[in-house]
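J.: Encoded as structure tokens, here's the structure I'll be asking about.
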Amino acid sequence: MLRISAGFDSGNIEVLAEDDPDNIRLNIRKDNQSDFYQWFHFRLSGAKGTACVMHIENAKGAAFAGGWENYSAVASYDREHWFRVETHFDGTRLSIHHTPEFNAAWFAYFAPYSDDRHQNLLAEVQGSDRVNLVRLGATLDGRDLDLLHFAGDIGAKKKLWVIARQHPGESMAAWWMEGFLSRLTDETDPVVREIFRRADVYIVPNMNPDGSSRGHLRTNAAGANLNREWETPTMERSPEVFLVREKMQETGMDFCLDVHGDEDLPYNFIAGAEGTKSWSELRAVQLANFTETLAKISPDFQTKIGYPPAPPGTANMSMCTHWTAEAFGCLSMTLEMPFKDTVDTPDPDQGWSPERCRQLGAAMVDAIWARFDDW
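Under numbering that gives the first Met the number 0, the first residue of the sequence shown is numbered 0, with each subsequent residue one higher.
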């Protein structure tokens, strides 16, 4: 018997009707205490060999409805390999078409990154001689908020910070982090060796464990958009930002990267801290040099398409990149990856995928080292 379910980590769907495989009717559940919604993750059971059409009926009201254009959902039979399936948006409903090859198939907005995988990553990385796994505190749901501190050599002076997944539905940030951390824990890597000779590195692999587990798109357990909490965070509403910001102020900072995903644009790109009061020609040159270097290292990254820079003095200081740039006078950036695919380097089977996220994460290490003396 055909069934739709989402009672698992990061699951999100509401079933309206599931008796007709040609007209399975679904809604995406809103983030808790929020109007944001777009992330979905559910399982279809009992439909092996049956042509199914799954309609997400509230797609028009999603947070970024424009992102449904030219978008294809991902599916998996083993929850490891995720592939794209036929998907259409008629301006109201998002319709996913698929004939499963097995009795169970999983569908999602992007390849999910489970809490189990996150915990396994932390356990693996802490085995590195340089790493100290620090519990900064607890989230509102009582989950651990963890920091990975890679200690540089004695005399290392620069402090580099990288955080990911403030927006929990942007799971590509977690896959990116796997690639980034795999490079940093490779003791035979000469680039990594040189970075640690001169810097300490601080990493928060998942800024929003509650939202990730709850199946949220954008917010934490209290409905707070963490990337709008950096100016005045509180332990009551946004402990994740409060605790990380406190640690940043303790360590200082020379470089910051905040890793995200973008619903609309089919490109990998970086946004800087233009619009902050301290923005200068020096910062503009640093940003241009860094992005151009990354584009040479990874053909999946580009510099032509991105967000328009904010006019002088108009930066939203509640955002991480703007607040850290101003607070520490450093190069601070936001990396955005697509939910769709890259226009310039498409993959018809998987689109933008976990594998490609990891590759871009690994490439970031080379870009950091290539521009290390700029900051």
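Cβ coordinates follow ideal geometry from the N, Cα and C atoms, glycine included.
Can you tell me the Cα-Cα spacing of K156 and T250, whole angstroms?
T.: The sequence position of residue 156 within the sequence shown is 157, counting from 1. The sequence position of residue 250 within the sequence shown is 251, counting from 1. Spanning the two alpha carbons is a distance of roughly 11 Å.
J.: Using 8 Å as the Cβ pair cut-off and three pairs as the minimum, do the region 247-263 and the region 321-333 touch?
T.: Cβ pair count under 8 Å is three or more, so yes.
J.: Hey, is the region 192-207 in contact with the region 173-180, meaning 3+ C-beta pairs nearer than 8 Å?
T.: Verdict: yes, contact present.
J.: Tell me whether G10 is buried or exposed, calling it buried when 16 or more other Cβ atoms sit within 10 Å of its Cβ.
T.: Against the sequence shown, residue 10 aligns to sequence position 11. It is buried - the Cβ of G10 has at least 16 other Cβ atoms within 10 Å.
J.: The alpha helix (DSSP H) with G210 in it runs from where to where?
T.: Stepping through the sequence shown from its first residue, residue 210 is reached at position 211. Unbroken alpha helix (DSSP H) run through G210: 208-213.
J.: From what residue to what residue does the alpha helix (DSSP H) around F241 run?
T.: Here residue 241 corresponds to residue number 242 of the sequence shown, with the count starting at 1. Run containing F241: 238-250, per the alpha helix (DSSP H) assignment.
J.: Per DSSP, A104 forms a beta bridge with which residues?
T.: Stepping through the sequence shown from its first residue, residue 104 is reached at position 105. Paired residues: L43.
J.: Residues in the same chain with beta-carbon distance under 7 Å from V190, minus the five sequence neighbours each way, listed in chain order, please.
T.: Against the sequence shown, residue 190 aligns to sequence position 191. These residues qualify, in order along the chain: V364, D365, W368.
J.: Going by beta carbon distance, what residues of the same chain come within less than 6 Å of Y108, once the five residues before and after it are set aside?
T.: The count along the sequence shown starts at 1 and reaches residue 108 at position 109. These residues qualify, in order along the chain: W38, F39.
J.: With M332 as the anchor, note down where its alpha helix (DSSP H) starts and where it stops.
T.: Looking up residue 332 in the sequence shown gives position 333. Unbroken run through M332 is the beta strand (DSSP E), 330-337; no alpha helix (DSSP H).
J.: Looking only at its chain, what residues have a beta carbon closer than 8 Å to the beta carbon of N288, apart from the 5 residues adjacent to it on each side?
T.: Counting from one through the sequence shown, the residue named residue 288 turns up at place 289. Excluding sequence neighbours, N288 sits near R370, D373.
J.: Assuming T292 is part of the alpha helix (DSSP H), what are its boundary residues?
T.: On the sequence shown, position 293 is the one that residue 292 refers to. First-last of the alpha helix (DSSP H) with T292: 280-296.
J.: Distance check for A122 and V130, CA to CA, integer angstroms please.
T.: For the purposes of this step, residue 130 is taken as residue 131 along the sequence shown, with counting starting at 1. For the purposes of this step, residue 122 is taken as residue 123 along the sequence shown, with counting starting at 1. Roughly 11 Å between the two C-alpha positions.
J.: Taking 7 Å as the cut-off, does the CB of L225 come closer than this to any heavy atom belonging to the ligand GDP?
T.: This structure does not include the ligand GDP; it has no bound ligands of any sort.
J.: Do the CB positions of G222 and F195 come within less than 8 Å of each other?
T.: By 1-based counting over the sequence shown, the position of residue 222 is 223. By 1-based counting over the sequence shown, the position of residue 195 is 196. No. Outside cutoff.
J.: If you reduce the DSSP assignment to three classes, tell me which class G274 lands in.
T.: As a position in the sequence shown, residue 274 is number 275, starting the count at 1. Residue state, collapsed to three classes: coil.
J.: Tell me whether L359 sits in a helix, a strand or coil according to DSSP, three-state version.
T.: Numbered from its first residue, the sequence shown carries residue 359 at position 360. Helix.
J.: Would you kindly work out how many angstroms separate the C-alpha atoms of L159 and C329, rounded to a whole number?
T.: Translated into the one-based positions of the sequence shown, residue 159 becomes position 160. Translated into the one-based positions of the sequence shown, residue 329 becomes position 330. Answer to the nearest angstrom: the Cα atoms are 10 Å apart.
J.: With burial defined as no fewer than 16 other Cβ atoms inside 10 Å of the residue's Cβ, what is the status of M234: buried or exposed?
T.: The residue labelled residue 234 in the question sits at position 235 within the sequence shown. Answer is exposed; the Cβ neighbour count stays below 16.
J.: Relative to the C-alpha of D89, which residue among H54, R78, A62 is closest?
T.: Counting from one through the sequence shown, the residue named residue 89 turns up at place 90. Measuring from the Cα of D89, the nearest candidate turns out to be H54.
J.: Would you check if the distance between the CB atom of M332 and the CB atom of L286 is smaller than 8 Å?
T.: Start at 1 with the first residue of the sequence shown, and residue 332 comes out as number 333. Start at 1 with the first residue of the sequence shown, and residue 286 comes out as number 287. Against a cut-off of 8 Å, the Cβ pair of L286 and M332 comes out as a contact.
J.: If you scan the region 155-187 from start to end, which runs of the alpha helix (DSSP H) of 4 or more residues do you find wholly inside it?
T.: Listed in chain order, the complete alpha helix (DSSP H) runs (minimum 4 residues) inside the region 155-187 are 171-183.
J.: What do you get for G350, buried or exposed, if any count of 16 or more other CB atoms within 10 angstroms of its CB means buried?
T.: Residue 350 sits at position 351 when you count from the first residue of the sequence shown. Its Cβ being crowded by 16 or more others within 10 Å, G350 is buried.
J.: Sorted by chain position, which residues of the same chain lie with C-beta nearer than 7 Å to S127's C-beta, five sequence neighbours on each side aside?
T.: As a working mapping, residue 127 is identified with position 128 in the sequence shown. The answer, listed in chain order, is T184.
J.: Among K29, T231, V73, G168, which one has its Cα closest to the Cα of G60?
T.: Against the sequence shown, residue 60 aligns to sequence position 61. Ranking the options by Cα distance to G60, first place goes to K29.
J.: May I ask you to verify whether the region 210-228 touches the region 238-246, counting CB pairs closer than 8 Å and requiring at least 3?
T.: The region 210-228 is in contact with the region 238-246.
J.: Looking at D348: is its Cβ nearer than 8 Å to the Cβ of R83?
T.: As a working mapping, residue 348 is identified with position 349 in the sequence shown. As a working mapping, residue 83 is identified with position 84 in the sequence shown. It is a contact, given that the beta carbons lie within the stated cut-off.
J.: DSSP three-state label for L264, please.
T.: Here residue 264 is taken as the residue at index 265 of the sequence shown, counted from 1. Coil, per DSSP.
J.: Decide if the region 129-143 is in contact with the region 296-308; the criterion is three or more beta carbon pairs, one per stretch, under 8 Å apart.
T.: No: fewer than three Cβ pairs fall under 8 Å.
J.: Can you grab the Cα-Cα spacing for the pair G154 / G274, in whole Å?
T.: Residue mapping note: residue 154 aligns to position 155 of the sequence shown, counting from 1. Residue mapping note: residue 274 aligns to position 275 of the sequence shown, counting from 1. Taking the straight line joining both Cα atoms gives about 34 Å.
J.: Could you check how far apart the C-beta atoms of M206 and R244 are, in whole angstroms? I think they sit under 8 Å.
T.: Residue 206 sits at position 207 when you count from the first residue of the sequence shown. Residue 244 sits at position 245 when you count from the first residue of the sequence shown. Not confirmed; about 11 Å, so no contact.
J.: Assign M247 to buried or exposed, taking buried as 16 or more other Cβ atoms, counted over all protein chains shown, within 10 Å of its Cβ.
T.: Position 248 of the sequence shown holds residue 247. That one is buried.
J.: If we count the other Cβ atoms within 10 Å of its Cβ and call it buried at 16 or more, is E280 buried or exposed?
T.: As a first step, residue 280 is located in the sequence shown; it is residue number 281 there, counting from the start. Exposed: under 16 other Cβ atoms inside 10 Å.
J.: For a test of the three-state rule: what should DSSP assign to E13, helix, strand or coil?
T.: Sequence index remark: in the sequence shown, residue 13 carries index 14 (1-based). E13 falls in the strand class under three-state DSSP.
J.: Give the straight-line distance between the Cα atoms of K47 and S297, rounded to the nearest whole angstrom.
T.: Residue numbering aside, residue 47 sits at position 48 when the sequence shown is read from its first letter. Residue numbering aside, residue 297 sits at position 298 when the sequence shown is read from its first letter. Cα to Cα, K47 sits roughly 39 Å from S297.
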